[in-house]
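Beneath this line is the structure, given in structure tokens, with notes to follow.
Number of protein chains: 2
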Amino acid sequence: MIRVIFTTILYLQCWMCCCFAKSHPHSHVESLNVWPKPVKLWWAHPKATILSADFTIKCPRNHPHLVAATDRYQILIKSEHHVPLVNPEVVVSTSCHLKVLQIKVADLTASLQHGVDESYNLTIPASGAGTAVLAAKTVWGAMRGLETFSQLVWVGGTQFQRLLIPVGLDIWDSPIFAHRGLLLDTSRNYYGVKDILRTISAMSWNKLNVFHWHITDSHSFPLLLPSDPDLAIKGSYGPFMQYTPADVAEIIQFGFDHGVRVIPEIDSPAHTGSWAGAHPEIVTCAGMFWWPAESEWADRLASEPGSGQLNPLHPKTYQVMKKVIKDIVSLFPDPFYHSGGDEVIPGCWTTDPIIQAFLSNYSSAHNGLSHLLQIFINSTLPYVTSHNKTSIYWEDVLLDSTIKVEDLSTLPPEHTILQTWNGGSQNTKRIVSSGYRTIVSSADYYYLDCGHGSFVGNDSQYNRPPGTDQGNGGSWCGPFKTWQLIYNYDITYGLTQEEKKLVLGGEVALWSEQADPTVLDSRLWPRASALAEALWSGNRDDTGKKRYAEATDRLNEWRYRMVRRGVRAEPIQPLWCARNPGMCNTVHASG
Amino acid sequence: MIRVIFTTILYLQCWMCCCFAKSHPHSHVESLNVWPKPVKLWWAHPKATILSADFTIKCPRNHPHLVAATDRYQILIKSEHHVPLVNPEVVVSTSCHLKVLQIKVADLTASLQHGVDESYNLTIPASGAGTAVLAAKTVWGAMRGLETFSQLVWVGGTQFQRLLIPVGLDIWDSPIFAHRGLLLDTSRNYYGVKDILRTISAMSWNKLNVFHWHITDSHSFPLLLPSDPDLAIKGSYGPFMQYTPADVAEIIQFGFDHGVRVIPEIDSPAHTGSWAGAHPEIVTCAGMFWWPAESEWADRLASEPGSGQLNPLHPKTYQVMKKVIKDIVSLFPDPFYHSGGDEVIPGCWTTDPIIQAFLSNYSSAHNGLSHLLQIFINSTLPYVTSHNKTSIYWEDVLLDSTIKVEDLSTLPPEHTILQTWNGGSQNTKRIVSSGYRTIVSSADYYYLDCGHGSFVGNDSQYNRPPGTDQGNGGSWCGPFKTWQLIYNYDITYGLTQEEKKLVLGGEVALWSEQADPTVLDSRLWPRASALAEALWSGNRDDTGKKRYAEATDRLNEWRYRMVRRGVRAEPIQPLWCARNPGMCNTVHASG
Numbered sequence: 001m002i003r004v005i006f007t008t009i010l011y012l013q014c015w016m017c018c019c020f021a022k023s024h025p026h027s028h029v030e031s032l033n034v035w036p037k038p039v040k041l042w043w044a045h046p047k048a049t050i051l052s053a054d055f056t057i058k059c060p061r062n063h064p065h066l067v068a069a070t071d072r073y074q075i076l077i078k079s080e081h082h083v084p085l086v087n088p089e090v091v092v093s094t095s096c097h098l099k100v101l102q103i104k105v106a107d108l109t110a111s112l113q114h115g116v117d118e119s120y121n122l123t124i125p126a127s128g129a130g131t132a133v134l135a136a137k138t139v140w141g142a143m144r145g146l147e148t149f150s151q152l153v154w155v156g157g158t159q160f161q162r163l164l165i166p167v168g169l170d171i172w173d174s175p176i177f178a179h180r181g182l183l184l185d186t187s188r189n190y191y192g193v194k195d196i197l198r199t200i201s202a203m204s205w206n207k208l209n210v211f212h213w214h215i216t217d218s219h220s221f222p223l224l225l226p227s228d229p230d231l232a233i234k235g236s237y238g239p240f241m242q243y244t245p246a247d248v249a250e251i252i253q254f255g256f257d258h259g260v261r262v263i264p265e266i267d268s269p270a271h272t273g274s275w276a277g278a279h280p281e282i283v284t285c286a287g288m289f290w291w292p293a294e295s296e297w298a299d300r301l302a303s304e305p306g307s308g309q310l311n312p313l314h315p316k317t318y319q320v321m322k323k324v325i326k327d328i329v330s331l332f333p334d335p336f337y338h339s340g341g342d343e344v345i346p347g348c349w350t351t352d353p354i355i356q357a358f359l360s361n362y363s364s365a366h367n368g369l370s371h372l373l374q375i376f377i378n379s380t381l382p383y384v385t386s387h388n389k390t391s392i393y394w395e396d397v398l399l400d401s402t403i404k405v406e407d408l409s410t411l412p413p414e415h416t417i418l419q420t421w422n423g424g425s426q427n428t429k430r431i432v433s434s435g436y437r438t439i440v441s442s443a444d445y446y447y448l449d450c451g452h453g454s455f456v457g458n459d460s461q462y463n464r465p466p467g468t469d470q471g472n473g474g475s476w477c478g479p480f481k482t483w484q485l486i487y488n489y490d491i492t493y494g495l496t497q498e499e500k501k502l503v504l505g506g507e508v509a510l511w512s513e514q515a516d517p518t519v520l521d522s523r524l525w526p527r528a529s530a531l532a533e534a535l536w537s538g539n540r541d542d543t544g545k546k547r548y549a550e551a552t553d554r555l556n557e558w559r560y561r562m563v564r565r566g567v568r569a570e571p572i573q574p575l576w577c578a579r580n581p582g583m584c585n586t587v588h589a590s591g
Numbered sequence: 001m002i003r004v005i006f007t008t009i010l011y012l013q014c015w016m017c018c019c020f021a022k023s024h025p026h027s028h029v030e031s032l033n034v035w036p037k038p039v040k041l042w043w044a045h046p047k048a049t050i051l052s053a054d055f056t057i058k059c060p061r062n063h064p065h066l067v068a069a070t071d072r073y074q075i076l077i078k079s080e081h082h083v084p085l086v087n088p089e090v091v092v093s094t095s096c097h098l099k100v101l102q103i104k105v106a107d108l109t110a111s112l113q114h115g116v117d118e119s120y121n122l123t124i125p126a127s128g129a130g131t132a133v134l135a136a137k138t139v140w141g142a143m144r145g146l147e148t149f150s151q152l153v154w155v156g157g158t159q160f161q162r163l164l165i166p167v168g169l170d171i172w173d174s175p176i177f178a179h180r181g182l183l184l185d186t187s188r189n190y191y192g193v194k195d196i197l198r199t200i201s202a203m204s205w206n207k208l209n210v211f212h213w214h215i216t217d218s219h220s221f222p223l224l225l226p227s228d229p230d231l232a233i234k235g236s237y238g239p240f241m242q243y244t245p246a247d248v249a250e251i252i253q254f255g256f257d258h259g260v261r262v263i264p265e266i267d268s269p270a271h272t273g274s275w276a277g278a279h280p281e282i283v284t285c286a287g288m289f290w291w292p293a294e295s296e297w298a299d300r301l302a303s304e305p306g307s308g309q310l311n312p313l314h315p316k317t318y319q320v321m322k323k324v325i326k327d328i329v330s331l332f333p334d335p336f337y338h339s340g341g342d343e344v345i346p347g348c349w350t351t352d353p354i355i356q357a358f359l360s361n362y363s364s365a366h367n368g369l370s371h372l373l374q375i376f377i378n379s380t381l382p383y384v385t386s387h388n389k390t391s392i393y394w395e396d397v398l399l400d401s402t403i404k405v406e407d408l409s410t411l412p413p414e415h416t417i418l419q420t421w422n423g424g425s426q427n428t429k430r431i432v433s434s435g436y437r438t439i440v441s442s443a444d445y446y447y448l449d450c451g452h453g454s455f456v457g458n459d460s461q462y463n464r465p466p467g468t469d470q471g472n473g474g475s476w477c478g479p480f481k482t483w484q485l486i487y488n489y490d491i492t493y494g495l496t497q498e499e500k501k502l503v504l505g506g507e508v509a510l511w512s513e514q515a516d517p518t519v520l521d522s523r524l525w526p527r528a529s530a531l532a533e534a535l536w537s538g539n540r541d542d543t544g545k546k547r548y549a550e551a552t553d554r555l556n557e558w559r560y561r562m563v564r565r566g567v568r569a570e571p572i573q574p575l576w577c578a579r580n581p582g583m584c585n586t587v588h589a590s591g
């Protein structure tokens with residue numbers, strides 16, 4: 001009896017000391033910094049408690065990826081010690097410490113694929129003495145919730161610097177778009193496995209879930225394929241700039257541990273100059289100068305330096321493709337498979353005599369060339385489909401003005417998805433109105449390499465008298481895409497409700513003509529974070545108004561946390577601006 | 001006798017084995033990669049020898065900075081092991097190894113200041129068995145020659161990988177412009193001492209010789225001044241984001257060891273918001289919003305967020321300025337002293353009642369405001385001059401349309417230099433035609449921060465429907481300044497021969513609103529290298545033709561060497577381009 005009374009008194013004391021005084025009149029919710037911003041966040045009173053030194057996360061232990069994530073977040077949360085740029089104004093209880101975060105997963109069997117449920121509900125009791133609960137439909141939702149929880153922890157307190165966590169908090173969260181990705185081109189320049197893993201880590205912090213790996217291109221073929229190792233032996237930049245099957249397995253497993261899918265792209269039939277080292281006979285115009293002197297742009301051999309396209313009329317092409325596809329589907333478990341299909345250039349194919357003979361049967365060369373592409377796709381896509389993969393192609397196969405598939409039975413919508421890169425929202429419309437699912441990567445908004453000039457040498461456009469209009473610095477897709485441009489882009493702009501259903505999501509893309517490991521982090525972050533929030537919880541507030549203004553302060557805070565976690569994201573403002581919220585705004589509408 | 005014969009035979013053998021076969025018909029000189037390209041380089045035959053394992057550099061030991069440089073290069077040369085992207089085609093002798101580089105300096109007393117002789121002559125004998133000689137007028141020229149020598153060493157050889165050095169080489173080199181600089185803004189965001197030292201190292205590799213340290217601005221005051229420590233205590237970003245006198249001394253000595261001058265800039269009277277923490281009474285409009293709602297641009301308080309200007313009518317202003325100047329001239333030995341003077345904004349001064357009263361005496365507010373600037377300069381410049389310093393001001397004090405010095409006796413040309421940033425070559429012309437010396441930093445070419453958007457928050461210009469013209473991404477000075485734009489800029493364009501004499505040189509500038517240590521290296525390099533060569537040996541070949549085409553391949557090589565040396569310079573092309581010289585060029589003139 002006495003024990004009961006004593007315990008009751010203890011609990012009462014705990015409840016009382018955790019029962020805080022006056023509530024805050026201002027929007028204290030704004031002082032919580034989670035990126036992407038959760039869909040729904042209730043925090044009635046600005047109160048926080050201390051994270052116990054014994055804090056543990058409890059989860060079902062029979063899902064290895066969830067266990068890996070939980071263990072990882074446990075370490076991160078207790079070691080990160082993030083000091084916010086602006087201290088949240090909270091009332092802190094020092095008596096009740098949060099000891100446990102309990103993870104509950106409804107369906108442990110749901111696999112990581114497009115459209116898997118990523119929602120979660122996170123509740124931290126007001127008393128702080130209870131157990132915080134993270135409930136999710138799947139382990140992947142649980143991972144999203146773990147990331148959110150980690151961002152709620154900060155170092156603060158007036159008397160002692162402690163790890164604090166808000167209490168009386170209720171978050172419900174779920175993404176608007178299921179496909180939230182990042183493309184990395186590892187062919188124009190090479191990135192080590194460590195760089196890729198670090199990128200996937202940062203993606204998971206931003207709740208990005210698709211790593212679109214543009215592995216090969218004309219400039220190098222770094223992937224060491226078991227059934228055709230010559231492709232990498234002859235086509236890579238060197239033995240220390242390759243990816244072995246073990247590297248691939250490591251990256252994929254790392255992806256699973258982080259809730260990030262890895263979608264391989266083996267671009268073809270164009271962008272295959274690097275295949276010519278191993279198989280010279282199947283690559284047309286390999287090693288030829290990309291745009292010969294005294295020829296028109298229309299007669300170029302490639303859209304940029306580095307020529308070479310697979311010959312759809314050479315039988316060996318399909319022997320090689322079959323081996324490549326077989327290895328890829330074996331190495332990469334994701335149900336999506338990216339086949340490329342962009343920038344097929346007439347001038348390259350027409351260097352081949354067999355193709356010339358073939359084309360002579362056509363009154364219009366364009367028809368013949370389009371037929372060649374159709375032959376290529378008809379000879380490769382079914383094989384990919386037979387492995388239960390959905391194929392992604394770049395928009396060109398449908399939308400190119402010169403070479404495209406005319407007979408759309410070649411591209412069954414149930415087995416193919418088209419990824420945009422030109423024409424902004426117009427091309428999105430063209431694709432979905434044709435009944436195809438789409439992934440949006442409009443260069444005008446999502447190409448992270450734009451605005452840095454072009455890499456082409458001997459370019460006289462830079463040699464003009466002072467005062468000449470510099471245009472956009474020579475980049476084909478300039479200007480530079482600022483985080484604000486990315487954040488404000490509505491990828492379903494101008495679509496009907498039905499058409500919007502076919503937009504799976506979007507991807508930012510880092511093409512590597514002028515990027516490699518020295519600039520990887522700063523070129524990606526925090527601009528990819530802008531897409532991450534726009535596709536997770538949108539770019540509008542609860543009233544439907546664009547929220548880029550308040551996003552600035554939150555992105556500042558988020559950028560500093562990412563840097564502290566080891567990713568060299570670039571700064572978006574002077575530190576002074578973060579410390580003086582609102583003072584670096586403009587209150588004038590820009591023209 | 002036998003001994004003589006034997007010795008003679010030995011020498012003959014050495015001479016014979018070092019006497020190489022056929023000469024190379026092509027321009028083998030192009031395979032030597034030195035950046036900046038030396039003015040004169042003679043290499044009759046493409047021959048190289050091995051750098052001896054006992055290789056030493058001998059120099060006069062009584063000049064501590066030369067000794068430091070020599071010791072540094074000795075270590076670098078023997079440890080760098082640079083493998084070129086394209087192997088130079090040379091005939092290598094394995095019998096005679098180069099053992100000694102002898103440094104000869106004509107005048108060991110010449111101090112590091114503007115216009116000091118930086119020429120050098122480097123000869124490596126054809127036999128390779130002798131002594132290479134580096135002769136220079138001053139130790140600073142010797143340092144330039146040491147850097148050149150280090151870039152001539154590479155790892156090569158067919159049978160064994162050895163350190164090779166070309167022989168039969170004769171280089172004469174000297175800079176076109178004496179002032180070749182780089183500005184770093186350490187106020188908008190902070191950089192640690194290590195970052196500054198690394199930058200100075202990289203500058204010396206590029207033969208850049210002026211580190212223009214824009215230490216303070218409205219956003220932070222990081223410099224801990226002995227006679228007024230409160231400025232930093234109250235105005236810095238924090239105790240771990242300051243520069244102590246010891247830090248400054250370390251940076252300056254490091255500069256001397258690298259032949260790099262350190263010129264301090266304490267910007268005033270504008271850009272002084274950060275002074276208000278320590279001295280609120282002397283800073284007008286401190287802490288006020290930079291551009292109030294419903295006011296015109298002409299009525300803004302500052303040109304960017306972060307307001308505050310020193311009050312020329314407050315007596316305490318000059319008490320503080322005197323202490324600041326006194327400390328600066330004591331800490332910084334360079335004969336040049338940068339006082340800033342840019343972007344003085346009417347709207348900030350006119351918030352002050354005393355200034356309002358002062359201006360009421362003028363029929364034109366502009367006259368009164370200009371007079372205020374004149375008062376400020378008349379009250380500060382003579383004190384700087386009395387310390388035997390030459391003052392540098394931004395062009396605004398002469399050229400601003402609103403607030404400028406009317407009575408030019410305030411700015412005696414023998415004591416003042418004006419630095420450009422607006423109006424490209426036009427403002428250069430305006431300055432030198434007025435009889436002033438100038439340093440060129442035209443934003444249109446040399447501002448490295450341009451093209452990354454702007455840092456201002458709540459900026460609606462980014463929230464426009466897809467398809468809206470993105471302009472130059474919102475950056476006031478966009479687009480991004482590519483290395484080619486920088487390389488091709490002729491800073492004396494349109495000047496008469498007499499006027500050209502007044503152009504001391506130029507500086508690239510990294511303003512840090514959106515830059516900090518995570519992006520420092522990639523934002524600076526290799527674009528600053530482009531200025532480095534254009535100002536050292538120019539941007540034209542021996543026939544007077546612009547040489548940006550061949551510069552691309554050399555810059556690629558140079559960028560990889562800098563990365564290997566520890567500076568994370570950004571890439572300018574795919575590695576494939578460097579490995580396949582010419583294949584990434586365009587042979588079409590751009591419109």
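Chains A and B supply the protein sequences, listed in that same order.
Numbered according to the UniProt record's numbering, the first sequence spans residues 1 to 591.
Numbered according to the UniProt record's numbering, the second sequence spans residues 1 to 591.
For every residue, glycine included, the Cβ atom is placed at its ideal position computed from N, Cα and C.
Quick caveat, the model's predicted, so the values are computed rather than measured.
- When C-beta atoms of the region 344-356 of chain A are compared with those of the region 279-286 of chain A, three or more pairs fall below 8 Å, so the two segments count as touching.
- Remark: three or more beta-carbon pairs, one from each stretch, lie closer than 8 Å, so the region 207-224 of chain A and the region 569-577 of chain B are flagged as touching.
- Counting of Cβ neighbours within 10 angstroms places His45 (chain A) among the buried residues, the total reaching 16 or more.
- Interface criterion not met: the Cβ of Thr543 (chain A) is under 8 Å from no Cβ in chain B.
- Interface criterion not met: the Cβ of Asp342 (chain A) is under 8 Å from no Cβ in chain B.
- In this structure Thr416 (chain A) is not in contact with Thr428 (chain A), their Cβ atoms being roughly 16 Å apart against a cut-off of 8 Å.
- Three or more beta-carbon pairs separated by less than 8 Å link the region 555-567 of chain A to the region 521-528 of chain A, which places the two stretches in contact.
- The C-beta of Asp228 (chain A) comes no closer than 8 Å to any C-beta of chain B.
- With respect to the 8 Å criterion, Ser307 (chain A) and Gly273 (chain A) are classified as neighbours on the basis of their beta carbons.
- A straight-line Cα-Cα distance of about 14 Å links Asp257 (chain A) and Pro333 (chain A).
- Counted as a single uninterrupted DSSP element, the beta strand (DSSP E) harbouring Asp173 (chain A) occupies residues Leu169 to Asp173.
- Under a criterion of Cβ atoms nearer than 8 Å, no residue of chain B is adjacent to Arg198 (chain A); the nearest Cβ is some 13 Å distant.
- Contacts with chain B at 8 Å (Cβ-Cβ) do not include His82 (chain A).
- Rounded to whole angstroms, the separation of the alpha carbons of His338 (chain B) and Pro264 (chain B) is 6 Å.
- At a beta-carbon threshold of 9 Å, none of the residues of chain A lie near Trp205 (chain B); the nearest stands roughly 16 Å away.
- Along the region 460-484 of chain B, going in chain order, the ones with a CB nearer than 9 Å to a CB of chain A are Ser460, Gln461, Tyr462, Asn463, Arg464, Pro465, Pro466, Gly467, Gln470, Gly471, Asn472, Gly473, Gly474, Ser475, Gly478, Pro479, Phe480, Lys481, Thr482, Trp483 and Gln484.
- Any Cβ of chain A closer than 8 Å to the Cβ of Tyr393 (chain B) would place that residue at the interface, and such an atom is absent.
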